[in-house]
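Chains as they are written, first to last, in this note's numbering: chain A, 1 to 115; chain B, 1 to 112.
Just so you know, even glycine gets a beta-carbon here, dropped at the ideal spot from N, CA and C.
All values reported here derive from a predicted model rather than from experimental measurement.
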Amino acid sequence: GAGVSQSPRYKVAKRGQDVALRCDPISGHVSLFWYQQALGQGPEFLTYFQNEAQLDKSGLPSDRFFAERPEGSVSTLKIQRTQQEDSAVYLCASSLTRSGANVLTFGAGSRLTVL
Amino acid sequence: GDSVTQMEGPVTLSEEAFLTINCTYTATGYPSLFWYVQYPGEGLQLLLKATKADDKGSNKGFEATYRKETTSFHLEKGSVQVSDSAVYFCALRQTSGSRLTFGEGTQLTVNP
C-alpha cells in the first residue's frame with residue numbers, strides 16, 4: 001500500500017480484556033517496528049521484526065505483551081489482561097531494508113484507552 | 001543507556017518568527033541523529049537527519065547541525081509558518097542498532 005496502515009485507530013477496553021492491534025506495513029518492507037507512545041511523551045521502542053523473525057523484543061514491558069509477524073508482512077501486537085498503564089498510542093513503522101537503516105515510515109497509530 | 005533530552009514546551013510563536021528547539025543527547029560512540037515531526041492525526045514523519053559529526057541536515061527550511069563536542073542537535077528555522085504547528089521529536093539511532101531513542105517531544109504552535 002501507499003503507507004503504513006494501522007487498525008483500529010481507536011480502541012477502548014475494560015481492564016482485564018485482551019486487545020489486538022494490527023499493522024499493515026508498506027508492501028515489500030523488510031523491517032517492522034512497534035513503539036508505545038504515552039500521552040505527552042516520545043515513542044518508546046517495543047519490538048522489531050526482520051521479515052517474520054522477531055529479532056528484538058527487549059522493549060516489551062511485560063509478558064502480557066506479545067507481537068507476531070507470521071508471514072513477514074502484517075503484524076499484530078497483542079496485549080493480554082490490559083491494565084490502565086497500557087493506555088497509550090501504539091505506533092507501527094516499517095522500512096525497506098534490514099535493520100531499519102533506511103527511512104522509517106510510521107503509521108498514524110492505534111490509540112488504546114483502558115478503563 | 002542512550003537518552004535524548006528536548007527543551008520543554010509548548011512553544012508558541014508568531015508567524016515569521018525564528019525558531020530554535022534544543023536537543024541534547026547521551027550516547028556512546030557516534031549515533032545518527034534525527035528530527036521527526038508529528039502533525040495532528042498523522043504519523044511521525046522524518047524531517048531531517050545527520051549521520052556524523054558536523055553534518056547539517058536540512059529540509060523545508062529547517063536545519064540542524066550534529067555537534068559532537070556539545071552532544072547537541074538543535075532544530076532551527078528562520079521564519080516559521082502557521083503550517084509548521086506540530087509536535088517535533090529529536091531522536092538517535094546507534095550505528096550498530098536498529099531502534100530509535102526519542103526525546104519527549106516539543107509542541108510548537110504558530111499564530112498568524
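Which residues DSSP lists as bridging residue i, in chain order
i                 : result
Gln-6 of chain B  : B:Cys-23
Phe-66 of chain A : A:Lys-78
Val-89 of chain A : A:Gln-37 and A:Arg-111
Ala-50 of chain B : B:Leu-33
Cβ neighbour criterion (16 or more within 10 Å) applied to residue i
i                  : result
Gln-84 of chain A  : exposed
Gln-81 of chain B  : exposed
Asp-84 of chain B  : buried
Lys-77 of chain B  : buried
Ser-62 of chain A  : exposed
Val-103 of chain A : exposed
Interface flag, residue i vs chain B, CB-CB below 9 Å
i                  : result
Asp-86 of chain A  : no
Gln-44 of chain A  : Contrary to the premise, residue 44 of chain A reads as Glu rather than Gln in this sequence. For Glu-44 of chain A, the answer is yes, since a Cβ of chain B falls inside 9 Å of its Cβ.
Gly-107 of chain A : yes
Leu-55 of chain A  : yes
Val-74 of chain A  : no
Tyr-48 of chain A  : yes
Residue-chain proximity (residue i, chain A), Cβ-Cβ < 9 Å
i                  : result
Ala-91 of chain B  : yes
Val-4 of chain B   : yes
Glu-76 of chain B  : no
Phe-102 of chain B : yes
Relative to chain A, which residues along the segment 37-67 of chain B have a C-beta separation below 9 Å, given in chain order?
Gln-38, Gly-41, Glu-42, Gly-43, Leu-44, Gln-45, Leu-46 and Lys-49
Could you list the residues in the segment 21-41 of chain A with a C-beta less than 9 Å from some C-beta on chain B, going in chain order?
Ser-31, Phe-33, Tyr-35, Gln-37, Gly-40 and Gln-41
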